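So the protein sequences, as listed, match chains G and Z. Numbering of the first sequence is given in this note's numbering, commencing with residue 523 and proceeding in unit increments. Numbering of the second sequence is given in this note's numbering, commencing with residue 523 and proceeding in unit increments. No residue lacks a Cβ here, since even glycine has one placed at the ideal position from N, Cα and C. Computed from a predicted model, the values in this text were never measured in an experiment.
Number of protein chains: 2
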Amino acid sequence: METPSCGQLFLIPVPISDKEPSVSIPQDVIRQTADIRYFIAENAKSARKYFKSIGMEQSALNVAELDKHEPSSGIREMLQPALNGQDMGLLSEAGIPAVADPGSLVVAEAHRLGIPVVALTGPSSLILALAASGLNGQRFSFNGYLPKEKDQLKKQLAFLEKLSGQTKQAQIFIETPYRNVQLLREMLEVLHPETKLSISADLTGSNAFSITKKVGEWRRSQMPDLKDKPTVFIIQS
Amino acid sequence: METPSCGQLFLIPVPISDKEPSVSIPQDVIRQTADIRYFIAENAKSARKYFKSIGMEQSALNVAELDKHEPSSGIREMLQPALNGQDMGLLSEAGIPAVADPGSLVVAEAHRLGIPVVALTGPSSLILALAASGLNGQRFSFNGYLPKEKDQLKKQLAFLEKLSGQTKQAQIFIETPYRNVQLLREMLEVLHPETKLSISADLTGSNAFSITKKVGEWRRSQMPDLKDKPTVFIIQS
Chain G
523 METPSCGQLF
533 LIPVPISDKE
543 PSVSIPQDVI
553 RQTADIRYFI
563 AENAKSARKY
573 FKSIGMEQSA
583 LNVAELDKHE
593 PSSGIREMLQ
603 PALNGQDMGL
613 LSEAGIPAVA
623 DPGSLVVAEA
633 HRLGIPVVAL
643 TGPSSLILAL
653 AASGLNGQRF
663 SFNGYLPKEK
673 DQLKKQLAFL
683 EKLSGQTKQA
693 QIFIETPYRN
703 VQLLREMLEV
713 LHPETKLSIS
723 ADLTGSNAFS
733 ITKKVGEWRR
743 SQMPDLKDKP
753 TVFIIQS
Chain Z
523 METPSCGQLF
533 LIPVPISDKE
543 PSVSIPQDVI
553 RQTADIRYFI
563 AENAKSARKY
573 FKSIGMEQSA
583 LNVAELDKHE
593 PSSGIREMLQ
603 PALNGQDMGL
613 LSEAGIPAVA
623 DPGSLVVAEA
633 HRLGIPVVAL
643 TGPSSLILAL
653 AASGLNGQRF
663 SFNGYLPKEK
673 DQLKKQLAFL
683 EKLSGQTKQA
693 QIFIETPYRN
703 VQLLREMLEV
713 LHPETKLSIS
723 ADLTGSNAFS
733 ITKKVGEWRR
743 SQMPDLKDKP
753 TVFIIQS
């Protein structure tokens, strides 16, 4: 018997704002997405919402959802269609999957199983924010979410500021949108007035903005409205 | 007299492979690019080649080129059209400008002058490679080019491997394409057999691939053909 040749695992980007897909997803990527029938998603409901927005026929689609509490469980089984020769797609809640979300567990398993992985172009709030910041695009670090607890948060901010001074890296981090205002307040309290702070919010959206100022200047400015907006913070000292 | 309101500085993405723009540039971004008349480019000739590929009328366009040897010189003057109320576009040689290229100097000056900066979605080889690697997308560093000199290169590779073990960051770096094969050879010599090494080449192109294996496995494998191909390397230990 012949072994069926593997399908490929496509990393499917989705929009990061409520604007239509044509703003941030290339036409050929929309077309490639629409050809796939088997998907793995961080959230099946929002994946299906996206499929609808690009005109895909829902009934023919199979969408497996990653376990919220234990995302590493069951991945081998979810990838079975690819081992059977079917192309598959991986989606996250926003942007490019497997960056700043649990999708890399699926990609790692695909590599172990010998399934070819193909990343498709789409929006990355981290890279868009970095480009729009004017900070060091030749050397940077992404730190995910900072600690929630106030004292630890202050320590981590001071650490990243010092590290940035030593390494010349732009230091990127994100926060759950409802905590943005609090994080900004802590930053303006803890960071040195000469440290540069870039704030990008609602990227690719109707109210997108990217502003870079020194912390001392931010302290004298009107605060931008970050409440509940997806925001990327970058500091460089 | 009224002060004219500023134009905006759009960060214009361009393809990273020789495939047509629809593969990696969203339709609305192509449309927005075609509406702009004033550009600043890392290389005017390749910028014009891109404008032609999306059907723009060349004669009406103004393309200022960054100084190759002193990219920071003359930027203030190049941004004058934006201060006069014209929208402008910034382009690099490949991908999203101001990431892994000198464009951030232009963006920083735009922020100083109060010119609004708008990043448009396009391909980023760093993020596509990271997503396709299955390595840590929640914590990573981009290190630009590593040292050319052999002993320094080995030291830097050992340093990044150790750092990755301590911080759990994926460590990303790139090389001038004609030096890829040499860099890969050094990596396989210096790195620990258990360290994961991801290689992504010709992303979004006809011969794109992303492969992640442990260094020990790479040593026993046939080497991928990286000669003269834009390649992103990522290690994690």
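For residue i, does the three-state DSSP call read helix, strand or coil?
i, result
"K751(Z)", "coil"
"P548(G)", "strand"
"M523(G)", "Because the pLDDT of M523(G) is 48, which lies under 50, any placement of that residue in the model is unreliable, and the question is left without a value."
"K735(Z)", "strand"
"L531(G)", "strand"
"V621(Z)", "coil"
"V592(Z)", "Reading the sequence as shown, one finds Glu at residue 592(Z) and not Val. Correct three-state label for E592(Z): coil."
"E587(Z)", "strand"
"L613(G)", "strand"
"A730(Z)", "coil"
"I637(G)", "coil"
"I538(G)", "coil"
"Q674(Z)", "helix"
"I756(Z)", "strand"
"I649(G)", "helix"
"Q744(G)", "coil"
"P715(Z)", "coil"
"G687(G)", "helix"
"L627(G)", "helix"
"L642(Z)", "coil"
"L657(G)", "coil"
Going along chain Z, which residues have a C-beta under 7 Å from residue i?
i, result
"D550(G)", "S544 and V545"
"T726(G)", "T643"
"L657(G)", "S626"
"P619(G)", "A653"
"S646(G)", "S646 and I649"
How long is the line joining the alpha carbons of residue i and residue j, rounded to whole angstroms?
i, j, result
"G596(Z)", "L627(Z)", "11 Å"
"L675(Z)", "Q704(Z)", "11 Å"
"I558(G)", "T717(G)", "47 Å"
"D623(Z)", "A616(Z)", "9 Å"
"L765(Z)", "Q691(Z)", "Look at the range of chain Z in this structure, 523 to 759, and you will see that residue 765(Z) is not part of it."
"K574(Z)", "P548(Z)", "17 Å"
"I538(Z)", "Q758(Z)", "25 Å"
"N565(G)", "D589(G)", "9 Å"
"A782(Z)", "V712(Z)", "Not covered by the structure: residue 782(Z). The range shown for chain Z is 523 to 759."
"P535(G)", "L650(Z)", "10 Å"
"R598(Z)", "S720(G)", "21 Å"
"K571(G)", "R553(Z)", "26 Å"
"G727(G)", "V621(G)", "20 Å"
"G760(G)", "S527(Z)", "For chain G, the structure presents residues 523 to 759; residue 760(G) sits outside this window and is missing."
"L682(Z)", "I694(Z)", "9 Å"
"L605(Z)", "Q678(Z)", "43 Å"
"D724(G)", "K751(Z)", "35 Å"
"P603(G)", "V629(Z)", "45 Å"
"I576(G)", "T698(G)", "28 Å"
"P715(G)", "S614(Z)", "32 Å"
"D609(Z)", "M578(Z)", "16 Å"
"K749(Z)", "N665(Z)", "21 Å"
Residues of chain G with CB under 8 Å from residue i, in chain order?
i, result
"V640(Z)", "A654, A730 and S732"
"F573(Z)", "Near F573(Z) there are no residues of chain G at all, since even the closest Cβ is about 18 Å away, more than 8 Å."
"D540(Z)", "What D540(Z) touches in chain G: nothing, since even the nearest Cβ is about 14 Å away."
"A630(Z)", "G656, L657 and T734"
Within the continuous beta strand (DSSP E) that includes residue i, where are the two ends?
i, result
"A723(Z)", "K718 to A723"
"A563(Z)", "Y560 to A563"
"Q693(Z)", "A692 to I696"
Interface residues of chain G around residue i at Cβ under 7 Å?
i, result
"Q660(Z)", "A622 and G666"
"H633(Z)", "G656 and T734"
Could you tell me the boundaries of the alpha helix (DSSP H) in which residue i lies?
i, result
"N665(Z)", "Note, N665(Z): premise wrong, no alpha helix (DSSP H); beta strand (DSSP E) at F662 to Y667."
"Q608(G)", "Q608(G) -> no alpha helix (DSSP H), and no H or E assigned at all."
"R598(Z)", "I597 to M600"
"Q704(G)", "N702 to V712"
"S575(G)", "A566 to S575"
Show which residues of chain Z have a CB atom less than 9 Å away from the CB atom of residue i.
i, result
"L533(G)", "L650, A653 and A654"
Run down chain Z in chain order and give the residues with a C-beta less than 8 Å from the C-beta of residue i.
i, result
"Q744(G)", "Result: empty, since nearest Cβ-Cβ is about 14 Å, beyond 8 Å."
"D691(G)", "At residue 691(G) the sequence reads Gln, which differs from the Asp that was named. Within chain Z, the residues near Q691(G) are S663."
"S595(G)", "Within 8 Å Cβ-Cβ: nothing; S595(G) doesn't reach chain Z, min ~17 Å."
For the segment 654-669 of chain G against the segment 633-650 of chain Z, do three or more pairs of beta-carbon atoms, one drawn from each stretch, fall closer than 8 Å, so that the two count as touching?
yes
Between the segment 659-669 of chain Z and the segment 678-694 of chain Z, are three or more C-beta pairs nearer than 8 Å?
yes
Would you check if the segment 740-756 of chain G and the segment 576-585 of chain Z touch, i.e. whether three or more CB-CB distances between them fall below 8 Å?
no
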